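S.K.: Numbering (the numbering used here), first residue to last: 3 to 163.
Just so you know, even glycine gets a beta-carbon here, dropped at the ideal spot from N, CA and C.
Keep in mind it's a predicted model, so treat the numbers as computed, not measured.
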């Protein structure tokens, strides 16, 4: 079963373009304007380090991943491709939770298979962060001055955060 993003949600995501340099992160449950903790953020914009190249040569780097449900994690276990090769689990799982990748709205396992290895690794880490931690920020320390700060791992270009 392939889930599609409701038009209402798609419009909400399009209101917040995922351009590099813009911080779209918020605490779990925080509303987009930061006013309260009455809503749960379920979709997260990202930018792939390299990008998916489709059959026409178009590169798709910006996308949206939603939070996974228990069903998302259980259904792939019944997939014959996963039963034959357990490493395929992450491909099927990532394909279930990406709602958009560039102009591609029907993201399936075949598309995830065609990603560069660095992009798949990025998405696996991104999945873990938003589902286990509820956000895409990471605490870091500057090796030179020892200052502590947070970076947004949703990405920009390589070397940016």
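Curious, which full-length alpha helix (DSSP H) runs of at least 4 residues does the region 70-100 contain?
M.R.: List check, alpha helix (DSSP H) in window: 72-76, 82-86 and 91-99.
S.K.: What is the rounded straight-line gap between the Cα of residue 77 and the Cα of residue 125?
M.R.: Computed Cα separation, rounded: 19 angstroms.
S.K.: Looking at the strands, I want to know which residues DSSP matches up with residue 62.
M.R.: DSSP, once it has assigned bridges, lists 54 as partnering residue 62.
S.K.: With DSSP as the reference, label residue 107 as helix, strand or coil.
M.R.: coil
S.K.: Mind checking which residues open and close the alpha helix (DSSP H) that includes residue 121?
M.R.: 119-130
S.K.: Which residues does DSSP pair with residue 47 in a beta bridge?
M.R.: 66
S.K.: Let me know if residue 121 comes out buried or exposed under the rule of 16 or more other beta-carbons within 10 Å of its beta-carbon.
M.R.: buried
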